[in-house]
Amino acid sequence: MAKILRINMTSLSARTEDAPEIYRKFGGRGLSDCIIDQEVPPTCDPLGAENKLVFAPGILGGTTAPCSGRLSVGAKSPLTKGIKEANTGGAMSQKLARLGIKAVIFEGKAKEPTSIKIDKSGVYFASAAPLAGLGCYEILERLKAEHGDQVCLACIGPAGDMMLTAASIIFTTPDFHIRVAARGGLGAVMGSKNLKSVVVDDTGSNLVEVKDPQKFKENVSAITKGVLSNAFSLGLRNLGTPQIVMITQTAGALPTKNFSMGQFDKAENICGEHMEEMLKKRPNAETTHKCMNGCILSCSNIYTDEKGEFVVASIEYETIALIGSNCLIGDLDAIARINRVCNDAGVDTMDIGAALAVSMEGGLIPWGDADAALNLVKEIAKGTENGRMIGNGVKFTGEKLGVKRIPHVKGQGMSGYDPRILKGTGVTFATSPMGADHTSGIVLPGPHHPEYVPVSSTGQAPESRFMQRWMAAMDSLGFCMMLAMPVMEEKTLHMDRNVIGCVSALTGEELGESFILDLGQSALQLERKFNKAAGLTEADDRLPKFFEEEKFGPPGFVFDVPKEDLDSVHKS
Ligand code: SF4
């Protein structure tokens, strides 16, 4: 049976233990939720020793199920002040699962910055002094040189060291590119524990044991075939998530000029189609890339400059929307450079992009000035006053600059979809226990959903409820959102049954048809319970007022979903 690995940073000691009964049915997000709910006082200081940091592979982690190697990172968030799960790709989840680890719980606080190595024989502690003051790219290079290329690495950068509330945790892919547990300031929690880096080496471990390999294989094969037949998947495999730029632009929902417009006149310069064309001409660039073994969609990319010098991997839709159109920056190369500096400092590109836009609205830097934005982001690692302001995210920045229109929910910057056009997504942004986040359950129109009217003020709560449960379950299983969406969309293929079949084949248990939504609901209930005890109320389940007041687009849309509907999302 997979174990819990408990690492005490105060005593620099570690022990493995059987997972308590209450933790056993969960993995990934649900498991992280359950651990935080059981072990973290809801009113504690998120940056104090009572908070805990959890790394949890999903239920299917370490198996051959496609795109099932997402890692859930959890803690009480210093940004939202509620429970948080940030989800990342990379190699960590599969390596932990293959070492027989269901979750790692970091607790307490070390006296000095500390690096940890986990392998088959145990846990090792070392001083992180040699990594002091370095950016994440240099840290990863040094750790790779020391530990070899068969490991997975995690680290925080200067923003995490300074406990800035938009700090992220950086992870590596099998080929040592970067993936990020970006949201909710969990890098600050890692920094508060004086935990600088984690190395996981699964040498000598095996694939996770599957009780019924034939049944597992058949269900994996059906999911793979079904997902690859989906139209959105096809776009992802060519253009990656930047394909979404022209979709939201066409819908009028692309955040532009701090969410004051839904279309950007330079969208064609920053869209997936343009990026693909450009990268195909550039040496060393790749328009598709896998962030983990077993990925069947390869939605990532490797972005180089005109000379073929590496800039960043991977540049994603959310970064393009928040740093690009939302700041009126219509130049992919400039966005990629800012993305790189964010990665090096170890901060969330979404919250930072939103903070840059409010800095422009507040007059600190001019609209669309990519060089000024880049220089401001460079201040984060230097720890200057403005750097600390930006590194604390959009809410902090907006309030400090006296900006009225701050696009956040529960303190977390909104992802790249305007909620006045995509009202179901707006309901999710408002009511997700995670704060405004696209991974919590975006509601989209499409061929899978022909009767759905995204701008309608009614009927949005059930749509959001379903998607929040669906995504909470997918995060608990370890599936990537890019796979979770086509599995949900291709209703006639009934891939939900194949997902249930995989879990059943893995564990040997018979599972009912409601397994997925029940799993998601259980996770959400834990999250709501924790947030309530932490002091969050229904008043926190609201979008900023300007989305209700400012008319948007030619028909003059506002976010007008009734408050009773918002409050009903988690009640049935
Ligand atoms: S689809 Fe994209 S994000 Fe998902 S596992 Fe593959 S490369 Fe990673």
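FYI, our numbering numbers position 549 of the sequence shown as 559, with every residue one higher than the one before it. All C-beta atoms, glycine included, are put in the ideal place defined by N, C-alpha and C. Everything numeric in this text was worked out from a predicted model, so none of it was measured.
- Message: Please return the same chain residues whose Cβ sits closer than 6 angstroms to the Cβ of lysine 32, not counting the five positions on each side in sequence.
- Response: Looking up residue 32 in the sequence shown gives position 22. According to the sequence displayed, residue 32 carries isoleucine and not lysine. Closer than 6 angstroms at the Cβ level, and outside the excluded window around isoleucine 32, lies no residue.
- Nearest-angstrom Cα separation, counted from valine 161 out to alanine 29: Reading the sequence shown from its first residue, position 19 is the one you call residue 29. Reading the sequence shown from its first residue, position 151 is the one you call residue 161. Using only the alpha carbons, I get a separation of about 25 angstroms.
- Message: Going by C-alpha to C-alpha distance, which of Val255, Met256, Ile257 and Gly272 sits closest to serine 263?
- Response: By one-based count along the sequence shown, residue 263 stands at place 253. The sequence shown places alanine at residue 263, not serine. Ranking Val255, Met256, Ile257 and Gly272 by Cα distance to alanine 263 puts Gly272 first.
- Message: Using 8 angstroms as the threshold, is the C-beta distance between proline 88 and proline 56 below it?
- Response: What you label residue 88 is simply residue 78 of the sequence shown in a count that begins at 1. What you label residue 56 is simply residue 46 of the sequence shown in a count that begins at 1. Yes, Cβ-Cβ distance for proline 88 and proline 56 is below 8 angstroms.
- Query: What is the residue span of the alpha helix (DSSP H) that threonine 175 lies within?
  - Reply: On the sequence shown, residue 175 is found 165 positions in, with the first residue counted as 1. Run containing threonine 175: none; DSSP gives neither H nor E here.
- Task: Return the Cβ separation of leucine 516 and leucine 70 in integer angstroms, given the expectation that the two are a contact with Cβ distance under 8 angstroms.
- Result: In the sequence shown, counting from the first residue as 1, residue 516 sits at position 506. In the sequence shown, counting from the first residue as 1, residue 70 sits at position 60. Yes, they are in contact, since the Cβ atoms of leucine 516 and leucine 70 sit about 7 angstroms apart, within 8 angstroms.
- Query: Applying the criterion that 16 or more other CB atoms from any shown protein chain within 10 Å of the CB defines a buried residue, is leucine 217 buried or exposed?
  - Reply: Here residue 217 corresponds to residue number 207 of the sequence shown, with the count starting at 1. Flag for leucine 217 reads exposed.
- With a Cβ-Cβ cutoff of 8 angstroms, do lysine 121 and cysteine 165 count as a contact? For this step, residue 121 is matched to residue 111 along the sequence shown. For this step, residue 165 is matched to residue 155 along the sequence shown. Result no, Cβ atoms of lysine 121 and cysteine 165 do not sit closer than 8 angstroms.
- Sort Asp577, Cys77 and Asp551 by Cα distance to proline 472 and report the nearest one. Translated into positions along the sequence shown, residue 472 becomes position 462. Of the listed residues, the one whose Cα sits closest to proline 472 is Asp577.
- For cysteine 77, verify whether its CB is less than 7 angstroms away from any heavy atom of the ligand SF4. The residue you call residue 77 lines up with position 67 of the sequence shown. Checking every heavy atom of the ligand SF4 against the Cβ of cysteine 77, one is found closer than 7 angstroms.
- Query: Could you give the residue range of the beta strand (DSSP E) that holds isoleucine 312?
  - Reply: For the purposes of this step, residue 312 is identified with residue 302 of the sequence shown, where counting begins at 1. Its beta strand (DSSP E) spans residues 310 to 314.
- According to the Cβ coordinates, are valine 50 and lysine 62 closer than 8 angstroms? Working through the sequence shown from its first residue, we reach residue 50 at position 40. Working through the sequence shown from its first residue, we reach residue 62 at position 52. Cβ distance < 8 angstroms, so valine 50 and lysine 62 count as in contact.
- Per DSSP, what kind of secondary structure is serine 82 in: helix, strand or coil? As a working mapping, residue 82 is identified with position 72 in the sequence shown. It is a strand residue.
- Any idea if arginine 80 is buried or exposed, counting beta-carbon neighbours within 10 angstroms, 16 or more meaning buried? As a first step, residue 80 is located in the sequence shown; it is residue number 70 there, counting from the start. It counts as buried.
- Any chance the CB of lysine 276 is under 7 angstroms from a heavy atom of the ligand SF4? On the sequence shown, position 266 is the one that residue 276 refers to. The answer is no for lysine 276.
- Item | leucine 289: CB within 7 angstroms of a non-hydrogen atom of the ligand SF4 | What you label residue 289 is simply residue 279 of the sequence shown in a count that begins at 1. No, Cβ of leucine 289 sits at least 7 angstroms from all heavy atoms of the ligand SF4.
- Message: Just to confirm the assignment, what range does the alpha helix (DSSP H) spanning asparagine 97 have?
- Response: On the sequence shown, residue 97 is found 87 positions in, with the first residue counted as 1. No alpha helix (DSSP H) contains asparagine 97, which is instead part of the beta strand (DSSP E) from 93 to 98.
- For glycine 522, count neighbouring Cβ atoms within 10 angstroms of its own Cβ and tell me buried if that reaches 16, exposed if not. Sequence index remark: in the sequence shown, residue 522 carries index 512 (1-based). Exposed: under 16 other Cβ atoms inside 10 Å.
- When we look at the beta-carbon of glutamine 48 and count the other beta-carbons within 10 Å, is it buried (16 or more) or exposed? Within the sequence shown, the letter at position 38 stands for residue 48. Its Cβ having fewer than 16 others within 10 Å, glutamine 48 is exposed.
- Query: Leaving out the 5 sequence neighbours to the left and right, which residues in its chain are closer than 6 angstroms to arginine 108 when beta-carbon positions are compared?
  - Reply: Here residue 108 is taken as the residue at index 98 of the sequence shown, counted from 1. Gly72, Asp212 and Ser215.
- Message: Is the beta carbon of proline 429 closer than 8 angstroms to that of threonine 435?
- Response: If you number the sequence shown from 1, residue 435 lands on position 425. If you number the sequence shown from 1, residue 429 lands on position 419. Yes, the Cβ-Cβ distance between threonine 435 and proline 429 is below 8 angstroms.
- Determine the closest residue to leucine 529 out of Gly518, Glu574 and Met481, with distance taken between C-alpha atoms. As a working mapping, residue 529 is identified with position 519 in the sequence shown. Among Gly518, Glu574 and Met481, the Cα nearest to that of leucine 529 belongs to Met481.
- From the DSSP output, in three-state form, read off aspartate 211 for me. Here the question's residue 211 lines up with position 201 in the sequence shown. Three-state result, aspartate 211: strand.
- Below 6 angstroms CB to CB, which residues in the same chain sit around aspartate 570 once its five sequence neighbours on both sides are set aside? Against the sequence shown, residue 570 aligns to sequence position 560. Excluding residues within five positions, the ones whose Cβ falls inside 6 angstroms are Ser467.
- Query: Under 7 angstroms from any heavy atom of the ligand SF4, does the C-beta of lysine 35 make it?
  - Reply: Walking along the sequence shown from the start, residue 35 turns up at place 25. Answer for lysine 35: no, Cβ out of range of the ligand SF4.
- What separation, rounded to the nearest whole angstrom, lies between the Cα atoms of alanine 191 and alanine 96? The residue you call residue 191 lines up with position 181 of the sequence shown. The residue you call residue 96 lines up with position 86 of the sequence shown. The alpha-carbon atoms of alanine 191 and alanine 96 are separated by roughly 5 angstroms.
- Item | Spatial neighbours of lysine 290 in its chain, beta-carbon cut-off 7 angstroms, leaving aside the 5 residues before and after | For the purposes of this step, residue 290 is taken as the residue at position 280 of the sequence shown. Contacts found: Thr297.
- From arginine 538 to glycine 145, what distance separates their C-alpha atoms? Residue mapping note: residue 538 aligns to position 528 of the sequence shown, counting from 1. Residue mapping note: residue 145 aligns to position 135 of the sequence shown, counting from 1. Rounded to the nearest angstrom, the two C-alpha atoms are 36 angstroms apart.
- Task: Mind checking which residues open and close the alpha helix (DSSP H) that includes glutamate 326?
- Result: Numbered from 1 along the sequence shown, position 316 holds the residue referred to as residue 326. From DSSP, glutamate 326 is part of no alpha helix (DSSP H); its letter is neither H nor E.
- Query: Taking 7 angstroms as the line, does the beta carbon of serine 131 fall inside it for any heavy atom of the ligand SF4?
  - Reply: As a working mapping, residue 131 is identified with position 121 in the sequence shown. Result no, Cβ not under 7 angstroms from the ligand SF4.
- Query: Which value, in whole angstroms, describes the spacing of the CA atoms of valine 255 and serine 310?
  - Reply: Position 245 of the sequence shown, counted from the start, is the residue given in the question as residue 255. Position 300 of the sequence shown, counted from the start, is the residue given in the question as residue 310. Taking the straight line joining both Cα atoms gives about 15 angstroms.
- Task: May I have the straight-line CA-CA distance separating aspartate 575 from valine 83, to the nearest angstrom?
- Result: In the sequence shown, residue 575 corresponds to position 565, counting from 1. In the sequence shown, residue 83 corresponds to position 73, counting from 1. The straight-line gap from Cα to Cα measures roughly 30 angstroms.
- Item | asparagine 303 - DSSP class collapsed to helix/strand/coil | For the purposes of this step, residue 303 is identified with residue 293 of the sequence shown, where counting begins at 1. Correct three-state label for asparagine 303: coil.
- Query: Just to confirm, does glycine 397 get its C-beta within under 7 angstroms of one of the non-hydrogen atoms of the ligand SF4?
  - Reply: Within the sequence shown, numbered from 1, the residue matching residue 397 stands at position 387. No, Cβ of glycine 397 sits at least 7 angstroms from all heavy atoms of the ligand SF4.
- In the DSSP assignment, find the alpha helix (DSSP H) that holds threonine 438 and state where it starts and stops. The sequence position of residue 438 within the sequence shown is 428, counting from 1. It spans 433 to 441 - the alpha helix (DSSP H) in which threonine 438 sits, taken as one unbroken run.
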